[in-house]
Each structure stands twice: as structure tokens, then as C-alpha cells.
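Asks: Protein chains in written order, with full-length UniProt numbering: chain A, 1 to 349; chain B, 1 to 349.
Protein chains: 2
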Amino acid sequence: MQRSTYNVAVVGATGAVGQQMLKTLESRDFPIDQLKLLSSKRSAGKKLYYKGQEYTVEEATPESFEHVHLALFSAGGSVSKLLASEAVKRGAIVVDNTSAFRMDPHVPLVVPEVNESDLNEHNGIIANPNCSTIQMVVALEPIRQQYGLKKVVVSTYQAVSGAGLEAIDEMKEQTQAILNGEQAKAEILPCSGDKKHYQIAFNAIPQIDLFQENGYTFEEMKMINETKKIMHMSDLEVAATCVRLPIETGHSESVYIETNKSGATVQEIKDLLSSSPGITLQDDPDQQVYPMVTTAVGKNDVFVGRIRRDLDRENGYHMWVVSDNLLKGAAWNSVQIAESLVKLNLLAK
Amino acid sequence: MQRSTYNVAVVGATGAVGQQMLKTLESRDFPIDQLKLLSSKRSAGKKLYYKGQEYTVEEATPESFEHVHLALFSAGGSVSKLLASEAVKRGAIVVDNTSAFRMDPHVPLVVPEVNESDLNEHNGIIANPNCSTIQMVVALEPIRQQYGLKKVVVSTYQAVSGAGLEAIDEMKEQTQAILNGEQAKAEILPCSGDKKHYQIAFNAIPQIDLFQENGYTFEEMKMINETKKIMHMSDLEVAATCVRLPIETGHSESVYIETNKSGATVQEIKDLLSSSPGITLQDDPDQQVYPMVTTAVGKNDVFVGRIRRDLDRENGYHMWVVSDNLLKGAAWNSVQIAESLVKLNLLAK
Numbered sequence: 001m002q003r004s005t006y007n008v009a010v011v012g013a014t015g016a017v018g019q020q021m022l023k024t025l026e027s028r029d030f031p032i033d034q035l036k037l038l039s040s041k042r043s044a045g046k047k048l049y050y051k052g053q054e055y056t057v058e059e060a061t062p063e064s065f066e067h068v069h070l071a072l073f074s075a076g077g078s079v080s081k082l083l084a085s086e087a088v089k090r091g092a093i094v095v096d097n098t099s100a101f102r103m104d105p106h107v108p109l110v111v112p113e114v115n116e117s118d119l120n121e122h123n124g125i126i127a128n129p130n131c132s133t134i135q136m137v138v139a140l141e142p143i144r145q146q147y148g149l150k151k152v153v154v155s156t157y158q159a160v161s162g163a164g165l166e167a168i169d170e171m172k173e174q175t176q177a178i179l180n181g182e183q184a185k186a187e188i189l190p191c192s193g194d195k196k197h198y199q200i201a202f203n204a205i206p207q208i209d210l211f212q213e214n215g216y217t218f219e220e221m222k223m224i225n226e227t228k229k230i231m232h233m234s235d236l237e238v239a240a241t242c243v244r245l246p247i248e249t250g251h252s253e254s255v256y257i258e259t260n261k262s263g264a265t266v267q268e269i270k271d272l273l274s275s276s277p278g279i280t281l282q283d284d285p286d287q288q289v290y291p292m293v294t295t296a297v298g299k300n301d302v303f304v305g306r307i308r309r310d311l312d313r314e315n316g317y318h319m320w321v322v323s324d325n326l327l328k329g330a331a332w333n334s335v336q337i338a339e340s341l342v343k344l345n346l347l348a349k
Numbered sequence: 001m002q003r004s005t006y007n008v009a010v011v012g013a014t015g016a017v018g019q020q021m022l023k024t025l026e027s028r029d030f031p032i033d034q035l036k037l038l039s040s041k042r043s044a045g046k047k048l049y050y051k052g053q054e055y056t057v058e059e060a061t062p063e064s065f066e067h068v069h070l071a072l073f074s075a076g077g078s079v080s081k082l083l084a085s086e087a088v089k090r091g092a093i094v095v096d097n098t099s100a101f102r103m104d105p106h107v108p109l110v111v112p113e114v115n116e117s118d119l120n121e122h123n124g125i126i127a128n129p130n131c132s133t134i135q136m137v138v139a140l141e142p143i144r145q146q147y148g149l150k151k152v153v154v155s156t157y158q159a160v161s162g163a164g165l166e167a168i169d170e171m172k173e174q175t176q177a178i179l180n181g182e183q184a185k186a187e188i189l190p191c192s193g194d195k196k197h198y199q200i201a202f203n204a205i206p207q208i209d210l211f212q213e214n215g216y217t218f219e220e221m222k223m224i225n226e227t228k229k230i231m232h233m234s235d236l237e238v239a240a241t242c243v244r245l246p247i248e249t250g251h252s253e254s255v256y257i258e259t260n261k262s263g264a265t266v267q268e269i270k271d272l273l274s275s276s277p278g279i280t281l282q283d284d285p286d287q288q289v290y291p292m293v294t295t296a297v298g299k300n301d302v303f304v305g306r307i308r309r310d311l312d313r314e315n316g317y318h319m320w321v322v323s324d325n326l327l328k329g330a331a332w333n334s335v336q337i338a339e340s341l342v343k344l345n346l347l348a349k
């Protein structure tokens with residue numbers, strides 16, 4: 001018999017995404033029986049609140065997952081690699097928000113608006129895609145269904161919260177230093193695991209994550225490979241340039257697409273997107289209505305606007321896609337996957 | 001007989017670009033006989049320095065241009081429309097940094113690295129292109145010459161100084177307010193002439209200048225139309241998405257191109273660009289070397305990096321182009337035009 005409430009563990013509860021996971025579980029009133037907040041040894045002992053009740057964060061160990069039905073992981077790839085299989089071994093379904101398993105052919109990579117039914121193929125672990133990928137595929141999927149999709153060229157405008165709470169602090173400290181006429185210290189961005197660090201305040205850094213041999217960054221390759229996997233289009237042409245900006249939260253994307261069928265009008269695409277799940281259309285140039293992070297942050301939807309025809313190619317379109325990278329890009333998509341698991345009778349069955 | 005020094009007027013001397021014009025004329029040791037600093041009535045009376053000497057800014061009138069050989073205009077389109085012909089009537093050559101005459105078929109639109117010889121066709125006025133256009137065409141021209149150019153898709157990351165000194169102040173005030181936990185006031189950006197104003201601090205605004213009927217902004221149409229004119233390629237496919245960011249000075253551009261000839265290697269393009277005029281190649285991913293505004297500002301060159309092949313199209317390439325929008329994007333390109341006029345014996349002949 002299907003349970004009506006579930007034991008849920010949040011791994012990485014003290015992080016930027018973990019905190020949004022708790023808020024989202026609360027705002028969605030997810031049917032939780034027992035809640036466990038887990039973290040690294042370093043953060044263990046911290047107190048967090050859920051529905052007004054205090055919880056002490058515990059160090060995540062294999063045994064932490066006894067009797068857990070659903071484990072939401074967002075504590076870095078190494079933690080997921082170490083502990084996700086331990087959770088599965090003990091009967092939990094893992095929704096993993098790191099890149100550890102995303103390209104594993106046995107792990108579904110899911111954005112519910114696009115490929116919810118892939119959840120049926122899970123083997124214990126379900127991967128939550130990269131933040132910048134998620135918001136893009138939500139906007140692309142209705143267009144793919146209606147007109148077919150041939151090529152995608154995306155340039156991103158990404159917030160520092162994607163690099164964690166420490167990156168937010170670094171940006172704010174640098175910003176204040178520069179406003180004070182002082183030198184800015186850079187120790188984290190663009191990528192804590194890389195050799196050099198650059199000032200993000202009042203700057204644009206064309207590097208997110210480490211460089212790969214082909215000259216693309218890992219973030220760019222994530223967008224390319226994950227988009228193909230989620231949309232089940234191994235032959236889709238995708239290229240990405242990922243850029244970090246002095247924005248606290250909210251990713252924006254300038255997306256150029258070529259469709260298979262030519263000639264759809266902008267109005268037809270607007271109508272299509274405005275009636276598609278998870279999308280809010282914000283597109284009225286006369287009234288200066290377009291998506292911005294200042295209006296998107298704190299909301300679950302993907303905001304799409306500035307839709308216009310390419311001036312040369314009959315099947316070319318440009319658009320501007322904005323979403324909260326901690327919500328639809330991470331916490332909300334993970335909780336949404338959990339809700340889909342419940343709906344599809346896949347959780348604790 | 002060719003003169004060896006010239007009477008020069010700078011119109012809009014107190015503005016963001018005007019101040020850089022003075023610095024650039026000084027650093028280039030432009031052969032000035034008499035210097036006149038002109039402005040609107042509002043700014044007249046201000047004191048500015050050139051080579052250690054104090055100058056009093058005068059209100060620009062038709063008579064201001066008597067005996068002037070070279071007039072550098074950067075005081076807004078309406079001032080240029082009113083006074084450029086008055087200057088020409090009195091024998092001056094005008095280098096105009098506004099959009100007033102750029103698309104006039106009788107006015108050359110010049111980036112010296114690309115189309116210096118168009119200066120020979122001038123009728124008194126020479127237009128300096130839009131900042132975001134200039135840095136892009138400098139990077140594109142060597143590729144066009146070697147491989148032919150078919151399509152350009154650009155997404156920009158533009159600094160607030162392109163909107164003037166008041167926009168810089170607004171950004172700084174908003175930034176400090178937000179760091180203090182206060183409300184940010186927006187009265188200028190994205191576009192002082194438009195109805196609504198939005199916070200630029202910690203935000204990305206996909207609007208620069210006013211919207212046109214086709215859904216593109218005027219800034220985007222400037223990039224599209226000016227690129228075709230400067231490169232003498234009316235059939236070049238160009239599309240642009242222009243975005244304002246919380247950066248004081250320095251524009252960045254994510255550029256996707258398709259060439260006519262296929263198969264050039266990244267190394268061949270790097271070699272080509274590193275030996276081309278006005279370009280500094282900064283492209284070593286292993287060492288995290290790529291262009292950024294923090295390293296480009298204050299320099300005259302266009303910085304190019306992150307050059308890589310499109311993963312799907314044989315003739316597709318991506319690159320990242322950064323330059324100081326007040327220098328190569330405005331003041332330096334104008335002074336460079338003036339230097340070309342001297343070199344080509346076109347000034348005060």
C-alpha cells in the first residue's frame with residue numbers, strides 16, 4: 001500500500017540550495033513524516049527550522065539513511081558519490097542535485113515539465129540537472145514539441161549563488177571594498193577548485209567550473225550534454241557560453257534557436273509558451289515588460305520574454321529566459337521530482 | 001600645404017566620453033594648435049585640464065566652430081543634428097560619436113582597423129560607430145578577410161558608463177543602498193528616455209535604448225545595421241541581444257559566427273587574430289587566461305579569447321570579445337579616426 005507521508009533526508013541542509021530545499025518543502029507542504037537534516041562534519045550541530053520546529057543538523061553517514069524514503073542531496077559531487085548508493089542500499093530514493101550521476105545512462109535526468117516519465121526508469125538515483133540547463137529546457141520543450149528543434153546557441157548571465165553561500169559573501173565584500181575605494185580580495189570565484197581567482201564585483205567572468213580539453217568549461221558541457229539527454233535528442237545542436245556576473249541570485253540566458261519547421265510567428269510562440277507548464281511569459285516591449293532577476297527571484301517559474309524572429313533565417317528565433325537558480329534551478333526542481341515520484345506511485349511503494 | 005597642428009573642438013567635453021577624449025588626445029599627443037572645450041549651456045563654465053593647462057568649458061554655438069579644423073562631437077544626437085553642419089559649414093571636419101548620422105549613406109562610418117579608406121569619401125562628417133559594434137567588427141574583420149563571414153549572433157554584457165556619468169552614479173548609489181539593506185531608487189536606466197526605470201545593481205536588464213517595432217531594441221539594430229555598413233556586407237546575417245549589467249566600464253560580448261570557408265582550426269584563428277591590428281589575444285584556458293573588463297579597462301585594444309569550434313557546425317566558432325567602451329568604443333576610435341585623417345592628408349588641407 002502507498003504511504004501517505006514519507007521520511008525525508010536533506011543532505012547539505014546548511015548550504016545555499018539546502019536552505020531553499022527546506023523552504024520549498026515547507027511551502028509545498030510536502031507530506032513529510034520524519035525529517036532529517038544532514039551535512040558535512042563541519043556544519044553538524046547547526047540548528048535549522050522547518051515549520052517552526054528546530055532541527056539539529058547531523059553529520060551524514062551511511063547509517064543516517066536507515067528508514068529514509070527520500071533523500072535530497074545537494075552537498076557536492078563527492079558527498080553524493082560516497083553516500084547516494086548507501087542511501088539507495090537502505091531503501092531510499094535519492095534525488096541528487098550534483099553532477100555526479102547526471103550523465104550515467106542508468107540514472108534518469110529529470111525536469112518534470114519535459115521528461116517526467118523518465119522517472120519510471122530509475123534505479124534508486126534520480127539526477128537533478130544543472131541550474132542553467134533546467135530553465136532553458138523548460139522554455140525549449142514546448143517549441144520542440146510544436147516546431148521541432150535543430151540548433152540552440154545560449155549565452156548565460158549567471159548569479160554567484162550558484163557557487164554557494166561563500167561566493168555570495170565574497171561578491172558583497174568585494175563590492176563594498178570597491179565602493180570604499182579599497183582593493184578587492186578574490187579567493188573563491190570563478191571556481192574554488194581552480195588555480196586563479198578573479199574579482200567578480202563589477203566584472204564579468206567567462207568561466208564557470210573547470211576548463212575541459214575542447215576549450216569549453218564543464219558548465220558549458222553540462223548545458224550541452226544534459227540538454228540532449230533530458231530532451232532525448234542526441235543529435236540536437238547545442239552550444240553554450242557560460243558567464244558569471246555580479247548578481248546574487250537568478251540566472252538569465254540569451255538563447256538563439258533554429259527550429260525544424262519554419263515560419264512560426266512570434267505571436268504563435270508567445271501563445272504556445274504562455275500556455276505551457278512552468279513558464280510565465282513576460283513579453284511586452286511597448287510596456288518594457290521582459291524577464292529580469294529582480295522580478296524572478298523567489299518564484300518557481302521560468303520567465304520568458306524578448307521573443308523575436310531572427311532577421312535572416314526563417315527558422316531562427318531569439319529569446320531571454322530568466323529563473324531563480326536556487327529554486328527551479330535546484331531546490332524546486334528537486335522537490336518537484338519528489339512530488340512526481342509520489343504522483344507516479346514510485347516513492348516508498 | 002598640409003598643416004602640422006590643428007585647431008580642435010571637443011563637444012560634450014564634460015561627459016563620460018568627452019573626458020576620455022581629452023585623456024586620449026593627450027596620451028596620443030595629437031598635434032593640437034588651439035583646443036576648445038564645448039558643452040551644453042548647463043555645463044558651460046566648468047574647468048577642465050589638458051596637458052596641465054586649465055580650460056573653461058564654453059557653450060557650443062554655431063560660432064564656436066570658426067577656425068576649427070577638427071570637431072569631436074559626443075554630446076548626444078540632438079546636439080550633433082543641430083551643430084555638426086554648422087561646424088562643417090565653417091570648414092571643420094566633424095567626427096561624430098552619436099547615432100545621428102551613422103546610417104546616412106553620405107557619411108562614412110569608420111573603424112580604422114576595418115574600413116579606414118572609407119574616410120576618403122567623407123563630406124565633412126564622419127560617424128563613429130556604436131561602442132558595442134566597434135569592438136565586435138575589429139574582432140570579425142580578420143576572420144572575414146581570411147575565411148569569409150556568413151552569420152553573426154552576439155549577446156552583449158554592457159557597462160553602465162555607456163549610458164553616461166549619471167548612470168554610473170545611479171548604479172553605485174543603488175549598490176550601496178542594497179548592501180545597506182535599503183531600497184534602491186531607479187530613475188535613469190535602462191534608458192533615460194523611456195517610461196519605466198529598473199534597478200541595475202545586482203541585476204541584468206535586457207534593454208538598451210528604446211524598443212523598435214520589430215521587437216529589437218535600437219541598440220541591437222545599431223549593432224546589426226552598423227556592422228553591415230562598416231564591413232560593406234549588406235547580406236551578412238547579424239543578430240544581437242543587448243544587455244545592461246552592473247559593471248562600471250567595459251563591454252563584453254559572446255559572439256557566435258559561421259564562416260564561408262569551413263575547417264579553420266582554433267589555432268589558425270588565434271594566430272590570425274593575434275597578428276591583427278588593434279587586437280590583443282588573451283586565450284589560454286589552462287592558465288585561466290581570457291578577456292575580462294577588469295583587465296581591459298583603460299586600454300585601447302580589443303581583447304579576444306575563449307575561441308573554440310562549434311561542436312556541431314564545421315564553419316561555426318565561438319569567442320569572447322572585451323573592450324573599454326569609453327576608449328575603443330568611443331574616444332579612442334574617434335581620435336584614431338582623427339589620426340587617420342591626418343595620415344591620409346584629409347584634415348585642413
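All residues carry an ideal CB built from backbone N, CA and C; glycine is no exception.
From the DSSP output, in three-state form, read off B:G316 for me.
Replies: In this structure, B:G316 counts as strand in the three-state DSSP scheme.
Asks: Less than 9 Å between CB atoms is the rule here; does B:S334 satisfy it with respect to chain A?
Replies: Cβ-Cβ to chain A under 9 Å: no for B:S334.
Asks: Chain B partners of A:I205, CB-CB under 7 Å?
Replies: Near A:I205 (Cβ distances below 7 Å), the residues of chain B are M292.
Asks: Beta-carbon of B:K195 versus every beta-carbon of chain A: anything under 9 Å?
Replies: For B:K195, the answer is yes, since a Cβ of chain A falls inside 9 Å of its Cβ.
Asks: Excluding the 5 residues preceding and the 5 following B:A204 in the sequence, name in chain order all residues of the same chain whose CB lies nearer than 7 Å to its CB.
Replies: Closer than 7 Å at Cβ, skipping near neighbours: V243, L245.
Asks: Where does B:Y216 sit, in a helix, a strand or coil, going by DSSP?
Replies: Three-state result, B:Y216: coil.
Asks: Could you check what DSSP says for A:L149 in three-state terms: helix, strand or coil?
Replies: Three-state DSSP puts A:L149 in a strand.
Asks: Can you tell me which of B:N128, B:A338, B:L341, B:Y50 puts its alpha carbon nearest to the alpha carbon of B:T227?
Replies: Measuring from the Cα of B:T227, the nearest candidate turns out to be B:N128.
Asks: Can you find the residues in the same chain that come closer than 8 Å, C-beta to C-beta, to A:S262, ignoring five residues on each side of it along the sequence?
Replies: So the list reads E314, N315, once near-sequence residues are dropped.
Asks: Grab the span of the alpha helix (DSSP H) containing residue 356 of chain B for me, first residue to last.
Replies: Outside the modelled stretch of chain B, which goes from 1 to 349, sits residue 356 of chain B, for which no answer is possible.
Asks: Measure the Cβ-Cβ separation of B:G77 and B:G12 and say whether it is below 9 Å.
Replies: The answer is no: Cβ separation not under 9 Å.
Asks: Taking B:K343 as part of the alpha helix (DSSP H), name the residues at either end of that continuous run.
Replies: Counting along the chain, the alpha helix (DSSP H) containing B:K343 begins and ends at 332-343.
Asks: Could you check what DSSP says for B:R308 in three-state terms: helix, strand or coil?
Replies: Looking at B:R308 - three-state DSSP - the assignment turns out to be strand.
Asks: So, is A:N300 buried or exposed, given that buried needs 16 or more other C-beta atoms within 10 angstroms?
Replies: Buried, since its Cβ has 16 or more Cβ neighbours within 10 Å.
Asks: Please confirm if the stretch 116-135 of chain A is in contact with the stretch 94-108 of chain A, defined as three or more CB-CB distances below 8 Å between the two stretches.
Replies: The stretch 116-135 of chain A vs the stretch 94-108 of chain A: in contact.
Asks: Note down, in chain order, every chain B residue with its Cβ under 8 Å from the Cβ of A:T5.
Replies: Those within 8 Å of A:T5 in chain B number zero; the least Cβ separation is about 39 Å.
Asks: So what's residue 350 of chain A in DSSP terms, helix, strand or just coil?
Replies: There is no way to answer for residue 350 of chain A, as the model of chain A reaches only from 1 to 349.
Asks: To the nearest whole angstrom, what separates the beta carbons of B:M231 and B:E141, a pair I think is in contact under 8 Å?
Replies: Correct: roughly 7 Å between the Cβ atoms.
Asks: B:L179 CB to nearest chain A CB: under 9 Å?
Replies: It does; some Cβ of chain A falls within 9 Å.
Asks: Looking only at its chain, what residues have a beta carbon closer than 8 Å to the beta carbon of A:G45, apart from the 5 residues adjacent to it on each side?
Replies: Around A:G45: T56, V57.
Asks: Which one of A:L341, A:I337, A:L347, A:L326 has the shortest CA to CA distance from A:K23?
Replies: Closest by alpha carbon: A:L326.
Asks: Out of curiosity, what's the CA-to-CA distance linking B:D104 and B:I125?
Replies: If I take the Cα positions, the gap works out to 10 Å.
Asks: Between A:M223 and A:A240, what straight-line distance do the alpha-carbon atoms span, to the nearest angstrom?
Replies: Cα to Cα, A:M223 sits roughly 7 Å from A:A240.
Asks: Going along the stretch 246-272 of chain B in order, which residues come within less than 7 Å of chain A, judged by CB to CB distance?
Replies: So the list reads P246, I247, E248, S252, S254, Y256, V266, given in the order they occur along the chain.
Asks: Between B:S155 and the rest of its own chain, which residues show a CB-CB distance below 6 Å, the 5 nearest in sequence each way excluded?
Replies: Answer for B:S155: T241, S254, listed in chain order.
Asks: Could you spell out where the alpha helix (DSSP H) holding A:Q19 opens and where it closes?
Replies: Here the alpha helix (DSSP H) through A:Q19 covers 16-27.
Asks: Kindly say whether A:N214, judged by its beta-carbon, lies nearer than 9 Å to any beta-carbon of chain B.
Replies: Yes, A:N214 counts as interfacial toward chain B.
Asks: Is A:D118 close to chain B? Criterion is C-beta to C-beta, closer than 9 Å.
Replies: No, because no Cβ of chain B sits closer than 9 Å to the Cβ of A:D118.
Asks: Considering only C-alpha positions, which residue in the set B:D312, B:S64, B:Q19 is nearest to B:K89?
Replies: Cα-wise, what sits closest to B:K89 is B:S64.
Asks: Between the Cα of B:L179 and those of A:L70, A:V95, A:E248, spot the shortest distance and give me the residue it belongs to.
Replies: Of the candidates A:L70, A:V95, A:E248, the one whose C-alpha sits nearest the C-alpha of B:L179 is A:E248.
Asks: What separation, rounded to the nearest whole angstrom, lies between the Cα atoms of residue 350 of chain B and B:R308?
Replies: The structure shown does not extend to residue 350 of chain B, since chain B is modelled only from 1 through 349, so no value can be given for it.
Asks: Could you pull the start and end residues of the alpha helix (DSSP H) that B:Q199 belongs to?
Replies: Segment: none, B:Q199 is in no alpha helix (DSSP H) and carries neither H nor E.
Asks: Please look up how many angstroms separate the CB atoms of B:Y6 and B:H69, rounded, as I've assumed it's under 8 Å.
Replies: Contact flag correct, Cβ pair sits at about 4 Å.
Asks: Where do the N-terminal and C-terminal ends of the beta strand (DSSP E) with A:L70 fall, by residue?
Replies: Here the beta strand (DSSP E) through A:L70 covers 70-73.
Asks: What separation, rounded to the nearest whole angstrom, lies between the Cα atoms of residue 372 of chain B and A:I143?
Replies: Absent from the model: residue 372 of chain B. The displayed extent of chain B is 1 to 349, so no value can be given.
Asks: Tell me where the alpha helix (DSSP H) around B:F271 begins and ends.
Replies: According to the sequence provided, residue 271 of chain B is Asp. The question's Phe does not apply to it. That run of the alpha helix (DSSP H) goes 266-274.
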